[in-house]
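For reference, the structure discussed in these notes is given below.
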Amino acid sequence: MKHLSVADSIAKTWSLDFTLQLDREDAAFLAGIHTWLAINPDPTLDEEQLRNIYRIVGEVSHTDPASSAQRATSAIARLREQRLMVRTDTAGVIRGGEYSLSLMGNAIAEWFGEQEGLTRKSLEIIMTQIRAGLGQIHLAAEAGGDDDHWESQVSGPLKLTVAQLIEGIERRQQGMDVQQEQIRERIEATLEENWFEAVMSCENLLVTTSEALQELHKVLMHEIEGMSSLLSEIEDLCEKGSRAESVEAIDHVRRQIERIGAWGENRFATWSEYYQNVHEFIRSVISVDPDRAVRTRLRDAIKGYGRPVLWFLRVSDQGPYIHLRTDSDIRPAQTVERELKPAEEELEETGIISLPLDRIVEQIAEKLRSSGRVELLDILSGLLPDHTFHEIYILAGELAEWLIRQGVPLPLHDESWYRLGKGIEIQKLTVRQRKS
Amino acid sequence: MHNDNDRTYHSLDQVILDPLFPGVDHRLRTGGHIDMDDIRSYEFLLQAEPFLQVFYEGYDCRLVNGQEGYFYLLSEGDLLGHRRLSGAEMLVGQVLALLRMDPAYLKKAGQIPVEQILSHLEMLLGRQRLAELLAPRTRGRDAEMDNKKIREAVDKAINGLARLGFITIERATESVIPGRSIARFTEPVRDAREMSLALEELIKLGEVELDDEEQQNEN
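Respectively, the protein sequence lines represent chains A and B. Here this note's numbering = 1-based position in the first sequence + 14. Here this note's numbering = 1-based position in the second sequence + 791.
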């Protein structure tokens, strides 16, 4: 049961050159065929029966009855071309064919139909079947045997029976997602329509759904725990018997179980959040404005904002704290004498100058850690004797950028420019250590 | 010191010594609104309120507990300083207060897309009025430039409101979630009185400032 990679799956599907286009009439036609197959004993239908179903589509969509036959022919052809419907007989072109829906056609039609949700009862029934299946597989793995035994008693039932039963849960979970979405839409529509009068009914709906979800969540978590330990025991037995195929099948089932567990957790959390949001809405919006008058007045107020007066909310606004410093804290500018180099006769291309920032940052980082703050002017003054002005000039920029990344710059209260040797003037930049 | 489960205070000293105090105090002084979504800070303020009222009185300030469950500080003198919200912040805030009353956003966990704010502003005020308020010009109108300016003003207002704790920005979905304090924007229309009377009272309480439009355009 090896899975394709995402890239392989995309490439494979791309190479099929398959497109799916289903308009409203075709979708209704597909649903009609699906229902016909569900309520009739015949597993297939012939062309005449298809045309009868399409006639109903025509009536619903109010299309011209005169063109119905031609439209039915086109619709049948479209469903076949898109592999939603398959011809099940081997007859040629003279006799009319027998048709049925493909797996894809069935899946789409089922999706259109009523979504089957997950209830505590359906979950418990499926879980009992899975546990029984796993119990038998466990016994078979314990007994051991030849290749046929492992294939028919362990990996086969894991792939077919257990995996499909879990798929049944997943399908119902998707159905439940749709149902929850519908409940949310119903709550919102009811609140919008009936506002305060809708509060009780919405609260009841919320409580009922929450209780159902809580019950499901409890059963799911309990069952998953039991199944996971049973699977681990089967896996140990398969590994002892060196049955790689069975181990793979167990991995697949385990992933499925993890998925349904994650679904349970996620939906429970999402619903809890929604539950709280609706209650908060009822408490802070509907109860405060039971006749929707505030909402109406606010809408009018926005429309007329500024006519005749503009009004503004006021908020407190304390300015930044001012750090008072004594004069002695201001370091006098340092002058370092250095012999002037003779001017170059011609400009040389020197390339990008690599400066020793890496060599000094460790030292500065250590100082920042130990003293809690560092000052750019101090650092550069310290470096001045060992570097040219050109190097210091470039280093000043790089160092300022590095310091801002490492710590938190303090507000600039002293805007004076300080001379750094003969050619450079800079402002102070004090950076304090970030709080961990 | 107090743990989270038993945070009761018997004196202002105890309040100030609580590790939560500096952060909460700073937020309040810089115009922040603290609601139940920040449960630790909100609980702290609930417990410490009687002591903090006295404390902030010394700064000519009033600690306000809004009826929807949020705190903010109103500065009534010059010691601490105060400012008013910008015109764009006022418009965006009012529209968000209105949209928060719409149950349609419940499904999206209260998230309101920025596009919805823009479209409601335009729907309620009209294109021309919106441009007059958010993209003022002395000469002529350029629709493209106006759109850009309006969008910039709205984005700036959203950031401003977020800094003040009125809303939370969800960058990934380009949407915002209004907090409880957004209800401050409904204050002048809370009851059926004439809005001008409500505004008069709010001015007396130091909640609101007025400006006529001419003055605003000059600014």
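For every residue, glycine included, the Cβ atom is placed at its ideal position computed from N, Cα and C.
Query                                                                                                                                                                             : Result
Pick out whichever of H163(A), V292(A), G189(A) has its Cα sitting closest to the Cα of G255(A).                                                                                  : H163(A)
Please return the same chain residues whose Cβ sits closer than 7 angstroms to the Cβ of D40(A), not counting the five positions on each side in sequence.                        : A89, R92, L93
Strictly by DSSP, which residues pair up with V422(A)?                                                                                                                            : R446(A)
Along chain B, in chain order, which residues have C-beta atoms closer than 7 angstroms to that of G333(A)?                                                                       : G872
Y113(A) bridges to which residues according to DSSP?                                                                                                                              : L59(A), R101(A)
Would you mind working out which of Q96(A), K135(A), S136(A) sits nearest L117(A), comparing C-alpha positions?                                                                   : Q96(A)
Relative to chain A, which residues along the segment 801–816 of chain B have a C-beta separation below 9 angstroms, given in chain order?                                        : none
Can you find a C-beta in chain C that's less than 8 angstroms from the C-beta of Y289(A)?                                                                                         : The structure shown contains no chain C; its protein chains are A and B.
Under 9 angstroms, CB to CB, which of the residues in the segment 969–990 of chain B have a partner in chain A?                                                                   : R971, A974, R975, F976, T977, E978, P979, V980, R981, D982, A983, M986, S987, L990
Hey, L836(B) and V329(A) are a contact pair by Cβ (cut 8 angstroms); roughly how many whole angstroms apart?                                                                      : Wrong, their Cβ atoms sit about 16 angstroms apart, outside the cutoff.
Would you decide whether D826(B) is buried or exposed? Buried here means 16 or more other CB atoms lie within 10 Å of its CB.                                                     : buried
Taking only three categories from DSSP, how would you classify A25(A)?                                                                                                            : helix
From this set, L382(A), D428(A), G435(A), G421(A), which residue's C-alpha is nearest Y407(A)'s C-alpha?                                                                          : G435(A)
Looking at C-alpha atoms only, which residue of V261(A), E294(A), L234(A), I296(A) is the closest neighbour of G278(A)?                                                           : L234(A)
Quick one, which residues of the segment 872–886 of chain B are near chain A if we go by CB-CB under 9 angstroms, in chain order?                                                 : G872, H873, R874, R875, L876, S877, G878, E880, M881, L882, G884, Q885, V886
Answer yes or no: does any C-beta atom of chain B fall closer than 8 angstroms to that of G320(A)?                                                                                : yes
Give the secondary structure of N218(A) by DSSP, where H, G and I count as helix, E and B as strand, and everything else as coil.                                                 : helix
What number of angstroms, rounded off, separates the C-alpha of Q1007(B) from the C-alpha of N856(B)?                                                                             : Unreliable positioning characterises Q1007(B) in this predicted model, as indicated by a pLDDT of 49, which lies under 50. The coordinate reading is nonetheless provided below. Going by the C-alpha atoms only, they are around 30 angstroms apart.
For chain B, find out if any of its Cβ atoms is closer than 8 angstroms to the Cβ of V308(A); answer yes or no.                                                                   : yes
Using a C-beta cutoff of 8 angstroms, does E935(B) count as contacting chain A?                                                                                                   : no
Taking CB distances under 8 angstroms as the criterion, tell me whether I316(A) reaches chain B.                                                                                  : yes
Determine the direct distance from the alpha carbon of L952(B) to that of R820(B), and round the result to whole angstroms.                                                       : 15 angstroms
Could you tell me whether the Cβ of P894(B) comes closer than 8 angstroms to any Cβ of chain A?                                                                                   : yes
Have a look at the DSSP bridge pairing and note the partners of L327(A).                                                                                                          : V999(B)
Could you list which residues in chain A have their beta carbon closer than 7 angstroms to that of R820(B), in chain order?                                                       : S330, Q332
Roughly how many whole angstroms lie between the Cα atoms of P927(B) and G917(B)?                                                                                                 : 15 angstroms
How would you list, in chain order, the residues of chain B whose beta-carbon sits under 8 angstroms from the beta-carbon of E412(A)?                                             : Residues of chain B passing the Cβ test: none, with the nearest at roughly 31 angstroms.
Are the CB atoms of L1001(B) and V323(A) within a distance shorter than 8 angstroms?                                                                                              : yes
Label G119(A) either buried or exposed according to how many other C-beta atoms from any shown protein chain fall within 10 Å of its C-beta, with 16 as the threshold for buried. : buried
What residues in its chain sit with their C-beta under 7 angstroms from that of P4(A), if we drop five residues either side in the sequence?                                      : Outside the displayed span of chain A (15 to 450) sits residue 4(A), for which this structure offers no information.
Taking the C-alpha atoms as reference points, what is the distance between R971(B) and F957(B)?                                                                                   : 7 angstroms
Sorry if obvious, but does the Cβ on L36(A) come closer than 7 angstroms to a heavy atom of the ligand FMN?                                                                       : With respect to the ligand FMN, the structure shown offers nothing to examine, as it has no ligands at all.
Could you give the distance in angstroms between the alpha-carbon of I438(A) and the alpha-carbon of T402(A)?                                                                     : 11 angstroms
At what residues does the beta strand (DSSP E) containing R874(B) begin and finish?                                                                                               : 873–875
Is the Cβ of R954(B) closer than 8 angstroms to any Cβ of chain A?                                                                                                                : no
Whose Cβ in chain B lies nearer than 7 angstroms to the Cβ of V213(A)?                                                                                                            : Within chain B, no residue comes near V213(A); the closest Cβ sits about 11 angstroms away, beyond 7 angstroms.
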